[in-house]
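Residue numbers (the working numbering): 1 to 575.
Working notes, structure below.
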């Protein structure tokens, strides 16, 4: 077995979080850092750098992990794709570039469940450190964005507007207002309820994607104390158990079939994401003994929370609600080729909707009171139930897709017509799934079980969100002059039975996975403490979305950058 050099810190995963930590630690010239990344450096390829091309990376085995769920027994056996970026930059390199933030109450809830030092003020501090507002005064006015400069600093993640104004943007806002959902002029200021257009991670001059790779790695890649190894598939953590409490001393990995180990003088930092962080922990002997025994892996630390508490934002297909627009309204072609045109692919106006704005919300509240959510730790369940009935805490996100996408109802567009699609996302599901190894082979994907709609509360909330979508686009005065007709679901959505059948066929999986190495009390299923240190192991931390104990009602990119910025400071405190 070949042995590489020794470094102070070894970071497993050069994704959204890992590259932030690497950049901040190597600000200290006497500290050496090695980042192991299974993917390659695609930062300057058109597919990665041009906004709107990113979806091509989702179905490419070189740039996406190709994860699939196990059959979902409560969703007609559906096997759902889990898109995860495989490259420097991780999913910040392949995602939709939305720079949203959760409510202040959601961040404060991290401290409410026992994580001292994790609250809205603290996370806001690190959002300011990582983010820059790159709107001109004219762009702020045009986008009705009343940004507060105290919410931004001079960090490498530039927040910019889309250069395109959808012809029906203001009508969409007004249609939602008719349904009780107001316009929100500053949705990143601590309250997210309402309709608005998200800032995006696109450079204002070059119109190229901003990712952790372009923002944190590229400016610092020539540092002599920073080493990046791409094509490095990590197989397990090297743990020394000779002196009692296990100590993380390095990482085993493979490149092109050759085995290596890289040693860490100070710490190993696991930033492999919500799917592979628990997989690597289990392969290293950290997890549930019964699972490790099954695959012949000696238990080094019995930690039952590893791989449990898996949560995603359940999503219906982008084409689930599809409309033909009346003359005078524009949409964009999904095969656009110029960089300017492709930015329109991510010009999503969105709406964040709390439960009381849904049609039959009282029935949902009654259903929630009668339901058994035994998989959810009591401290988290109390908060989630509080949010569920809150008049301003969003439970559903609606996102517009301003172009035609094929459906069984209409496989091809009419070149003379213009189209709009709308998808829905469940923001705070009660479902708790799991991710566990099914082999001692590190190259075999783990079993991913979302437990999709294993409770009626999630499902009926989802259905009510679809009903609201149809109401906004078909039954409001403001949108009456915009939509010519509904393509999908059409008349199939006019009955409860028909709509539910249609939606079950449209489930495409979950986005924004969290929770599998949760920052919670150990007795409640936690894996890391408030310093992000793995329980029962010295010199091992987790820094990625897996530490979030509950799903946040936002696209997570901005939050992950803040987590990584804070983590870097926590690590520096121990130097």
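A virtual CB, placed ideally from N, CA and C, is assigned to each residue, including glycine.
Where do the ends of the alpha helix (DSSP H) carrying residue 278 lie? Residues 273 to 283.
Helix or strand or just coil, what does DSSP make of residue 538? In this structure, residue 538 counts as strand in the three-state DSSP scheme.
Leaving aside the five residues before and after residue 573 along the sequence, list all residues of the same chain whose C-beta is less than 6 Å from its C-beta, in chain order. Leaving aside the five residues that flank residue 573 on each side, none in its chain has a CB nearer than 6 Å to its CB.
Would residue 28 be called buried (16 or more neighbouring beta carbons within 10 Å of its own) or exposed? Taking all protein chains in view, the Cβ of residue 28 is surrounded by fewer than 16 other Cβ atoms within 10 Å, so the residue is classified as exposed.
Minimum C-alpha distance to residue 166 - residue among 328, 537, 439, 435: Ranking 328, 537, 439, 435 by Cα distance to residue 166 puts 328 first.
Excluding five sequence neighbours on each side, which residues of the same chain lie with their C-beta closer than 7 Å to the C-beta of residue 478? If we look at residue 478 and ignore the five residues flanking it on each side, its Cβ neighbours are 171, 174, 175, 178.
Residue interval of the alpha helix (DSSP H) (run including residue 498): In the DSSP annotation of this structure, the continuous segment of the alpha helix (DSSP H) that includes residue 498 starts and ends at 496 to 506.
Do you know offhand how far residue 46's Cα is from residue 187's? Going by the C-alpha atoms only, they are around 31 Å apart.
Sorted by chain position, which residues of the same chain lie with C-beta nearer than 8 Å to residue 363's C-beta, five sequence neighbours on each side aside? Contacts found: 460.
Report the residue from 520, 374, 6, 443 whose alpha carbon sits nearest the alpha carbon of residue 232. Put simply, of 520, 374, 6, 443 the residue whose alpha carbon is nearest the alpha carbon of residue 232 is 443.
If we count Cβ pairs, one from each stretch, closer than 8 Å, do we get three or more for the stretch 109 to 120 versus the stretch 379 to 392? Yes, the stretch 109 to 120 is in contact with the stretch 379 to 392.
Limits of the unbroken beta strand (DSSP E) element including residue 264: Here the beta strand (DSSP E) through residue 264 covers 258 to 270.
Please confirm whether residue 539 and residue 532 have their CB atoms less than 7 Å apart. Not closer than 7 Å, so no.
On the criterion of 16 or more Cβ atoms from any shown chain inside 10 Å, does residue 525 qualify as buried, or is it exposed? Residue environment for residue 525: buried (at least 16 other C-beta atoms within 10 angstroms of its C-beta).
Is the stretch 91 to 101 touching the stretch 558 to 566 in the sense that three or more CB pairs, one from each, lie closer than 8 Å? By the Cβ rule, the stretch 558 to 566 counts as touching the stretch 91 to 101, because three or more pairs are nearer than 8 Å.
By a C-beta neighbour count over all protein chains shown, 10 Å radius and 16 as the cutoff for buried, is residue 14 buried or exposed? Here residue 14 is buried. Its C-beta has 16 or more other C-beta atoms within 10 Å.
Count the C-beta pairs between the stretch 400 to 418 and the stretch 358 to 372 that are closer than 8 Å, then say yes if the count reaches three, no if not. Contact between the stretch 400 to 418 and the stretch 358 to 372 is absent, with fewer than three C-beta pairs closer than 8 Å.
Residues near residue 77 by beta carbon distance below 8 Å, same chain, minus five either side: Once the five neighbours on either side are set aside, the close Cβ partners of residue 77 are 71.
Could you check the C-alpha separation between residue 1 and residue 194 for me, to the nearest Å? With a pLDDT of 46 at residue 1, under the threshold of 50, the modelled position of that residue is not reliable, and the figure given next carries that caveat. Annotation: residue 1 to residue 194 spans about 56 Å, alpha carbon to alpha carbon.
Residue 127 (DSSP reduced to helix, strand or coil): Note: residue 127 maps to helix in three-state DSSP.
Where residue 219 falls, given that 16 or more other Cβ within 10 Å makes a residue buried: Exposed, since its Cβ has fewer than 16 Cβ neighbours within 10 Å.
Which word fits residue 68, buried or exposed, when buried means at least 16 other C-beta atoms lie within 10 angstroms of its C-beta? Its Cβ having fewer than 16 others within 10 Å, residue 68 is exposed.
What are the partner residues of residue 400, as DSSP defines its beta bridges? Answer is 422.
Along the chain, where does the beta strand (DSSP E) containing residue 352 start, and where does it finish? 349 to 354 is the span of the beta strand (DSSP E), which, as asked, contains residue 352.
In three-state DSSP terms, what is residue 243? Reduced to three states, the DSSP call for residue 243 is coil.
Where residue 236 falls: helix, strand or coil (DSSP): In this structure, residue 236 counts as strand in the three-state DSSP scheme.
How close, in whole Å, do the beta carbons of residue 423 and residue 320 come, if the pair is a contact with beta carbons under 8 Å? Sure, about 6 Å apart at Cβ, within 8 Å.
If distances are taken between C-alpha atoms only, which option among 305, 141, 20, 499 comes closest to residue 521? Checked all of 305, 141, 20, 499; the closest Cα to residue 521 is 305.
Whether residue 252 touches residue 236 by CB criterion (7 Å): In this structure, the beta-carbon distance from residue 252 to residue 236 falls below 7 Å.
According to the neighbour-count rule (16 or more other Cβ atoms, all chains shown, within 10 Å of its Cβ), is residue 279 buried or exposed? Residue burial is scored here from C-beta neighbours: residue 279 has at least 16 other C-beta atoms within 10 angstroms and is therefore classed as buried.
Cβ-heavy atom distance, residue 207 to the ligand NAD, below 6 Å: What this structure holds is no ligand at all, so the ligand NAD is not there to describe.
Euclidean distance between Cα positions of residue 134 and residue 217: Taking the straight line from one Cα to the other gives about 20 Å.
Could you give the C-beta distance for residue 269 and residue 543, rounded to a whole number, given that I count them as a contact under 8 Å? Distance from residue 269 to residue 543 at the Cβ level is roughly 6 Å; contact confirmed, criterion being Cβ atoms closer than 8 Å.
Output the boundary residues of the alpha helix (DSSP H) element that contains residue 139. Residue 139 -> alpha helix (DSSP H) spans 137 to 142.
Please classify residue 87 as buried or exposed, where buried requires at least 16 neighbouring CB atoms within 10 angstroms. Buried, because 16 or more other Cβ atoms sit within 10 Å of the Cβ of residue 87.
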